[in-house]
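In this note's numbering, the protein residues as written are -15 to 123.
Yeah, the Cβ is synthetic: ideal placement off N, Cα and C, and Gly gets one too.
Predicted, not measured: the structure shown is a model, and the values here were computed from it.
Here the structure is laid out as structure tokens; the discussion comes afterwards.
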Amino acid sequence: VSHNPTDFRNLMNYFWNFMDNTNAEFSDLSPKIQVTENKDAVKVVAEIPGIDEKEIDLKVSMDGYLSISGEKKNETQANTKDNYFSEISYGMFRRTLQLPWDLDYEATTASYNNGVLTVSIPKSQTEKQKFKKISVAKS
């Protein structure tokens, strides 16, 4: 039986995200995530509309977990008599994902603009040197 570390990471990501979103009411608020990489860094983009940047709690751990959490607050008084229909969700959210690279977590930067959070984490020198470009010659 072979044990693939990637399968284990996927299982752990599923578990942590399931635990973060155990309440169905909060799952609507869970940010949609895009993770990309280039030769120098990993970029995580999260859609978090309708939230002030001061309400976003962003943590990165040295063992490779990035956690995004916060709260979308309802700014209006609850008056159900005047509320005909609403699909807008309010409440807390949390999203945790594991980043499978050797990264320089101390140099992490983040920005928030128009409801989009962008986190950039540079790759460590070790990670940058893991791959070597090999030229292919015509025979």
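In angstroms with no decimal places, state the Cα-to-Cα distance between residue 28 and residue 118. The residue given as residue 28 occupies position 44 in the sequence shown. The residue given as residue 118 occupies position 134 in the sequence shown. Looking at the two C-alpha atoms, the distance is approximately 29 Å.
Start and end residues, beta strand (DSSP E) containing residue 31: Residue numbering aside, residue 31 sits at position 47 when the sequence shown is read from its first letter. Taken as a continuous stretch (DSSP letters only), the beta strand (DSSP E) holding residue 31 covers 25 to 31.
Any idea what DSSP makes of residue 94, helix, strand or coil? Taking the sequence shown and counting its residues from 1, one reaches residue 94 at position 110. Here residue 94 sits in strand by DSSP.
Which residues does DSSP list as the beta-bridge partners of residue 101? Indexing the sequence shown from 1 puts residue 101 at position 117. BP columns for residue 101 point to 30 and 96.
Spatial distance of residue 54 from residue 97 (CA atoms): In the sequence shown, residue 54 corresponds to position 70, counting from 1. In the sequence shown, residue 97 corresponds to position 113, counting from 1. Their Cα atoms are separated by approximately 16 Å.
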